[in-house]
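When we follow the numbering used here, the leftmost residue of the sequence shown carries the number 20, and every step to the right adds one.
Note sheet for the following structure.
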Amino acid sequence: MRLRLENSSSSRAAMSCAAARNAAALPEITEARGVHLYLPMKAKGELDTAPLIELLLDMKKILMVPVVKGSEMVSGMLEAPVELQPSPLGNLQPRHPVPADESLLDAVLLPLLAVDRSGRRLGFGKGYYDRFLARLSREGFRPCRIGFAYSFQMTGCIPSDPWDQNLDILVHERGVVRFSENHP
Numbered sequence: 020m021r022l023r024l025e026n027s028s029s030s031r032a033a034m035s036c037a038a039a040r041n042a043a044a045l046p047e048i049t050e051a052r053g054v055h056l057y058l059p060m061k062a063k064g065e066l067d068t069a070p071l072i073e074l075l076l077d078m079k080k081i082l083m084v085p086v087v088k089g090s091e092m093v094s095g096m097l098e099a100p101v102e103l104q105p106s107p108l109g110n111l112q113p114r115h116p117v118p119a120d121e122s123l124l125d126a127v128l129l130p131l132l133a134v135d136r137s138g139r140r141l142g143f144g145k146g147y148y149d150r151f152l153a154r155l156s157r158e159g160f161r162p163c164r165i166g167f168a169y170s171f172q173m174t175g176c177i178p179s180d181p182w183d184q185n186l187d188i189l190v191h192e193r194g195v196v197r198f199s200e201n202h203p
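As structure tokens, then:
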């Protein structure tokens, strides 16, 4: 997280725009009906999804964002205009979320602290995304799991637990990394 905050806000904005262009060009995004993406915790320097949201709206994608309810995360529709409020995680979420049809999800963009060369993702340790993706799998849905982060967040081996959900793809400002063994 320190490295993210060491970059200037203008540098982070430029990297966010570059990563957004890379994500929007992915076949997994261009062919998707619905895309679930996070709203960033800007105080923690997360890659900003606003440029990507603009591109996806232009592409007429159905957009969904995380809505935290207790220890679980569900999808809420992201439609303009939307009033946002802080979530228990510290990012923003819709104040009055409209439930989303998660069966339309073809791609989920996830924030992360680090990711290794096998697609193992380190989050903030609360397990919201792991439980969310596991629930979708139990319900018969397997959207493409896309990490959206800075290139410097790639690291060596990250230990994993049986409940951890690996990424299929990582998108960053410099390009795309595919973890082919993870995607069905």
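The C-beta atom is built at its ideal place from N, Cα and C for all residues, glycine as well.
Backbone CA spacing between residue 158 and residue 48 [nearest angstrom]: Looking up residue 158 in the sequence shown gives position 139. Looking up residue 48 in the sequence shown gives position 29. Whole-angstrom Cα-Cα distance: 22 angstroms.
Helix, strand or coil: how does DSSP classify residue 60 here? For this step, residue 60 is matched to residue 41 along the sequence shown. It is coil, neither helix nor strand.
On the CB-based measure, 16 or more other CB atoms within 10 Å of its CB, does residue 34 come out buried or exposed? As a first step, residue 34 is located in the sequence shown; it is residue number 15 there, counting from the start. Result: buried.
Beta-carbon proximity of residue 107 to residue 87, cut-off 9 angstroms: The residue labelled residue 107 in the question sits at position 88 within the sequence shown. The residue labelled residue 87 in the question sits at position 68 within the sequence shown. Yes.
Find out if the Cβ-Cβ distance for the pair residue 134, residue 168 is shorter than 9 angstroms. Position 115 of the sequence shown, counted from the first residue, corresponds to residue 134. Position 149 of the sequence shown, counted from the first residue, corresponds to residue 168. Contact flag set, yes.
Quick one: is residue 129 buried, meaning 16 or more other Cβ sit within 10 Å of its Cβ, or exposed? The residue you call residue 129 lines up with position 110 of the sequence shown. By the neighbour-count rule (16 or more Cβ atoms within 10 Å), residue 129 is buried.
So residue 75 and residue 43 are in contact, right, with Cβ under 8 angstroms, and what is the actual spacing, rounded? Taking the sequence shown and counting its residues from 1, one reaches residue 75 at position 56. Taking the sequence shown and counting its residues from 1, one reaches residue 43 at position 24. Contact holds; Cβ gap of about 7 angstroms.
State buried or exposed for residue 20, treating a residue as buried only when at least 16 other CB atoms are found within 10 Å of its CB. Numbered from 1 along the sequence shown, position 1 holds the residue referred to as residue 20. In this prediction, residue 20 scores a pLDDT of 49, lower than 50, which makes its location untrustworthy; no coordinate-derived value is stated.
Mark residue 78 as exposed unless 16 or more other C-beta atoms lie within 10 angstroms of its C-beta, in which case mark it buried. Here residue 78 corresponds to residue number 59 of the sequence shown, with the count starting at 1. With fewer than 16 other Cβ atoms within 10 Å, it is exposed.
Alpha helix (DSSP H) containing residue 74: first to last residue? Reading the sequence shown from its first residue, position 55 is the one you call residue 74. Per DSSP, residue 74 belongs to the alpha helix (DSSP H) from 69 to 77.
If residue 31 and residue 64 are in contact, beta carbons under 8 angstroms, what's the gap, nearest whole angstrom? As a working note, residue 31 is residue 12 in the sequence shown. As a working note, residue 64 is residue 45 in the sequence shown. Yes, they are in contact, since the Cβ atoms of residue 31 and residue 64 sit about 6 angstroms apart, within 8 angstroms.
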